[in-house]
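In my numbering, the protein residues as written are 1 to 755.
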Amino acid sequence: MSLLEGLTPAQRAAVEHVDGPLLILAGPGSGKTRVVTRRIANLVQQGIPPRQILAITFTNRAADEMRERVEQLLPESHVWVSTFHRLCVRLLRQYGNVVGLDSNFSILDTGDQKLLVRQVLSELDFDPVHFAPDKILWRISNAKNDCITPEMYQRKLEETIGDHMQMVTGKVFERYQQRLLEANSVDFDDLLIHTVTLLSENPELRATLDARHRYVLVDEYQDTNLAQYKIVAALSQQHPNLCVTGDPDQSIYGWRGARIGNIFAFRRDYPEHVVIPLEQNFRSTQSILQVADQLIGHNQKRMAKRLVTENPDGDPPQLLICPDSHQEADAVARQLRDLVETGEYRWSDCAVFYRVNALSRSLEAAFLRQRIPFQVATGVAFYERAEVKDLLAYLRLVHNPSDRSAFLRVVNSPLRGLGKTSQNRLVEWADREGLTLLEACERAKEIPKLSKAAQVKFPVFARMMGELSLAASGSVGELLSSILDRTRFLQQWEAGGSEQDGDKIANVEELVGAARSYDEHAADEISLEGFLEQVALVSDVDSIDRTTGEVTLMTMHAAKGLEFPVVVILGLEEGLIPHERSLREQNRDELEEERRLLFVGMTRAKRRLFLTQSRMRSIHGRTMPTIASPFLNEFPIERVHCDGDEWEFAQPWLEQAEASPPPQEPQLATLLPGDLMSKLKTGADLANGVTQGKVELQSGYAIGMQVRHPRYGIGTVVNLQGMGLNRTVTVRFVDGDRVQDFVSKHAPLQPIGVG
DNA sequence: TTCCCGTCGTTTTTT
DNA sequence: ACGACGGGAA
Numbered sequence: 001m002s003l004l005e006g007l008t009p010a011q012r013a014a015v016e017h018v019d020g021p022l023l024i025l026a027g028p029g030s031g032k033t034r035v036v037t038r039r040i041a042n043l044v045q046q047g048i049p050p051r052q053i054l055a056i057t058f059t060n061r062a063a064d065e066m067r068e069r070v071e072q073l074l075p076e077s078h079v080w081v082s083t084f085h086r087l088c089v090r091l092l093r094q095y096g097n098v099v100g101l102d103s104n105f106s107i108l109d110t111g112d113q114k115l116l117v118r119q120v121l122s123e124l125d126f127d128p129v130h131f132a133p134d135k136i137l138w139r140i141s142n143a144k145n146d147c148i149t150p151e152m153y154q155r156k157l158e159e160t161i162g163d164h165m166q167m168v169t170g171k172v173f174e175r176y177q178q179r180l181l182e183a184n185s186v187d188f189d190d191l192l193i194h195t196v197t198l199l200s201e202n203p204e205l206r207a208t209l210d211a212r213h214r215y216v217l218v219d220e221y222q223d224t225n226l227a228q229y230k231i232v233a234a235l236s237q238q239h240p241n242l243c244v245t246g247d248p249d250q251s252i253y254g255w256r257g258a259r260i261g262n263i264f265a266f267r268r269d270y271p272e273h274v275v276i277p278l279e280q281n282f283r284s285t286q287s288i289l290q291v292a293d294q295l296i297g298h299n300q301k302r303m304a305k306r307l308v309t310e311n312p313d314g315d316p317p318q319l320l321i322c323p324d325s326h327q328e329a330d331a332v333a334r335q336l337r338d339l340v341e342t343g344e345y346r347w348s349d350c351a352v353f354y355r356v357n358a359l360s361r362s363l364e365a366a367f368l369r370q371r372i373p374f375q376v377a378t379g380v381a382f383y384e385r386a387e388v389k390d391l392l393a394y395l396r397l398v399h400n401p402s403d404r405s406a407f408l409r410v411v412n413s414p415l416r417g418l419g420k421t422s423q424n425r426l427v428e429w430a431d432r433e434g435l436t437l438l439e440a441c442e443r444a445k446e447i448p449k450l451s452k453a454a455q456v457k458f459p460v461f462a463r464m465m466g467e468l469s470l471a472a473s474g475s476v477g478e479l480l481s482s483i484l485d486r487t488r489f490l491q492q493w494e495a496g497g498s499e500q501d502g503d504k505i506a507n508v509e510e511l512v513g514a515a516r517s518y519d520e521h522a523a524d525e526i527s528l529e530g531f532l533e534q535v536a537l538v539s540d541v542d543s544i545d546r547t548t549g550e551v552t553l554m555t556m557h558a559a560k561g562l563e564f565p566v567v568v569i570l571g572l573e574e575g576l577i578p579h580e581r582s583l584r585e586q587n588r589d590e591l592e593e594e595r596r597l598l599f600v601g602m603t604r605a606k607r608r609l610f611l612t613q614s615r616m617r618s619i620h621g622r623t624m625p626t627i628a629s630p631f632l633n634e635f636p637i638e639r640v641h642c643d644g645d646e647w648e649f650a651q652p653w654l655e656q657a658e659a660s661p662p663p664q665e666p667q668l669a670t671l672l673p674g675d676l677m678s679k680l681k682t683g684a685d686l687a688n689g690v691t692q693g694k695v696e697l698q699s700g701y702a703i704g705m706q707v708r709h710p711r712y713g714i715g716t717v718v719n720l721q722g723m724g725l726n727r728t729v730t731v732r733f734v735d736g737d738r739v740q741d742f743v744s745k746h747a748p749l750q751p752i753g754v755g
């Protein structure tokens, strides 16, 4: 098969590009993965050694998909496809000593991080109630994303009038970082910033890696933060064969430091670059694309760009309006069931997205009630269970004996009478003597004021840990079971026999199973490192399996990069979409990010798109009336009232608001150099030409008119609202009490006379 | 040292 | 409404 088969001219140009920097501006559904994988295959066909090609993604899922698709085109090619974080782990395992890390460093999860901040707070004598560890951690993480070191943070603090929280954060940051290094540990952000340091402070190493990875590809470039940007730049200096793909309209990670500007800066950074916009959408129907396009058109900071497709019109998107979240969930379940029962869709074709994870609950309940098979994208949940984390901490401690977080997690779990008091004495003494906690255990007798019992038990614990090793066990699975034996781990719950106890035992067994399957998979390259890395770097989205025949439930963030024939987006309400945090203090950028998020959600849909709005929603346990999302005024949509009669009360939130016209010309000229701008405008003009070709029809409906709908049968027009594009016609159908609004321009209604 | 109970805060999104 | 955390009792 030719690599160029079935491609548009733009796609073909991207696939054929070999040397030099390339920016692919890929709108949703534009066949980006297809183009990127074929381009990789083409590089190899042109004689470039696969080992010189490095593709970087954000999620494991994206990496797996890309790797698989490259393998299909080029079996046994072994192109390196990795996430940013894995890439960094790999570099740091090899060269981390330069930044003070031993190759067996541990990766802390958020729970460990929080605990560490708590410890640091207490060491520094700050009140953890007033200075919430979460918030401090958030600030530290933000600083790290911007490559700000503790010293820089402190210096900045001296120059400005920082608030109290900043001062505390500065102090905690410094000590936190020091503690991490002492424990030979890193947090997620460290993986990136240590790599940045590594590359910037070692010119020869940087040059070596630059030469080794001559062809670098970066997916979702609009979501890179400063650290990631620097890593990519460092690998593309002497050999700037850098290909980045992205779409500014799909930038949804600004809140965690992503800089949408990185994609605009590409031209500045690589003046000899080529830009290829992929604007044709192969995924969605016209009518879905139209609403998404109108929505995103309301963003001010944006490149002028239109979405075009040659796909059929399809069914118009609908807004399901429900009295409360319970009925909302039922309505969604019913809607999906209806679609599946037509035989046109399978459960696995359907997905439900929401802004916050909390919204999945009512849906899960409804799906259980109605016996609809579903899976929720929450992979981390398993690794967050206490018993699982404990066992993993044992592994971490075996692998990295200086891992303090792991030590403190397991030293008294299962309970062995080594409580807080004894632990504190141990830690204090170990710090004074400059020993690791395990070393201190062995010399427990020397610790002042330590109870007799603890003086005996600490060394016993240390001896047990000393006897555990991967070498002795042979495999991770075996190592785990010998940990289970030695610690009598399962005895904690075997006596109980309650349901929760059973769950815990089952979780432990599942982890052992995961370890054994890792052992098999890794074959002769079994390492504790490999297994721990695998579990440390999983994310929610990695757990979803498209082959199980189930409806998928996930956040809109997690949905990026996926597509489904049927998509439902829950909770189009102010405070939810857009999220209330983006509404505070008139933060326009955040509001635009919320709009992009909804845009991402909508553009996942191939054929059917449903939005929902519940008129009541309980938040923090209190049930409150909701306000419709302001975004609903930005595109026309059919409204379906999912409760029987309520519609007749002219509730203000039920009325079709005038859709506000999109602002004339998005202003982005300052961010966007002329060349790129003109190319994009051409595409936009083209798209405009297409839409302008359509003639605006007079609606031709009247109240009382009988109409026929291909799906819902015969009904009566009961209301008309709005003008022009947004003219809607409300029909009450004879069958099943259904009342529905149609955008009259698209309504598949056939007048059959006046009743 | 552990366990139980009451109080408090908590919610964005993720590698 | 729910879970985490802290304080007090066993």
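Where a beta carbon is used, it is the ideal one built from N, C-alpha and C, also for glycine.
Cα separation between residue i and residue j?
i    : j    : result
D645 : A333 : The pLDDT assigned to D645 is 39, lower than 50, so where the model puts this residue is not dependable; a value taken from the coordinates is nonetheless given after this. Each residue's Cα considered, the two are about 20 Å apart.
S402 : W138 : 25 Å
G170 : L591 : 29 Å
S200 : L209 : 12 Å
E272 : Q238 : 14 Å
E593 : R581 : 11 Å
T421 : F105 : 28 Å
V308 : V508 : 51 Å
G549 : L408 : 42 Å
Q740 : V340 : 21 Å
L205 : N241 : 19 Å
Q692 : L363 : At Q692, the pLDDT of 29 sits below 50, so the modelled position is not reliable; the number obtained from the coordinates is stated separately. Their backbone Cα atoms lie some 41 Å apart in a straight line.
Q11  : L73  : 17 Å
Q664 : A377 : Low per-residue confidence applies at Q664: pLDDT is 48, beneath 50, and the placement is therefore not dependable enough to give any value.
N184 : V44  : 39 Å
D269 : I40  : 23 Å
E696 : N299 : Caution is warranted here: a pLDDT of 29 is assigned to E696, below 50, making its placement in the model unreliable, and no coordinate value can be reported.
E648 : S122 : Residue placement at E648 is flagged as unreliable, the pLDDT there being 32, under the threshold of 50; a coordinate-derived value is accordingly withheld.
F382 : V388 : 7 Å
Relative to the C-alpha of residue i, which candidate in the options has its C-alpha closest?
i    : options                : result
I752 : M705, T197, I544       : M705
P578 : T548, T626, I544       : T626
P459 : L438, S469, L468, V476 : L438
N142 : Q46, G254, K114        : G254
N412 : L289, R546, D390       : D390
L289 : L87, P28, P710, L576   : P28
A234 : Y95, V729, V196, T245  : V196
G621 : L359, I637, S185, F282 : L359
M602 : V352, Q52, Y712, I260  : V352
S475 : I48, G31, A515         : A515
R346 : I372, V356, Y354, Q327 : I372
P150 : A329, I107, D134, M167 : M167
H78  : I53, M165, E574, L91   : I53
T716 : P710, H709, V731       : V731
Would you grab the beta carbon distance between residue i and residue j for me? Rounded to a whole angstrom, and I think it's under 8 Å.
i    : j    : result
I276 : L22  : 7 Å
T612 : L572 : 7 Å
F58  : E220 : 5 Å
I252 : R604 : 12 Å between Cβ atoms; not a contact.
R38  : L3   : 5 Å
V743 : P630 : With a Cβ gap of about 19 Å, V743 and P630 do not count as contacting.
D134 : K114 : 7 Å
Those runs of the alpha helix (DSSP H) which lie wholly inside the region 513-571 and span at least 4 residues: 528-536, 556-559
Length at least 4, wholly inside the region 117-177: the alpha helix (DSSP H) runs in chain order: 133-145, 150-159
Any beta strand (DSSP E) of 3 or more consecutive residues that is wholly inside the region 264-338: 274-278, 318-322
Every unbroken alpha helix (DSSP H) within the region 59-113, with a cutoff of 4 residues, ordered by chain: 60-73, 84-95
The region 60-68 in contact with the region 91-109 per 3-pair CB rule at 8 Å: no
Given 8 Å, three or more beta-carbon pairs between the region 151-158 and the region 51-67: no
Cβ contact (3+ pairs, closer than 8 Å) linking the region 426-445 and the region 479-497: no
In chain order, each beta strand (DSSP E) run of at least 3 residues that lies wholly inside the region 181-262: 215-218, 241-246
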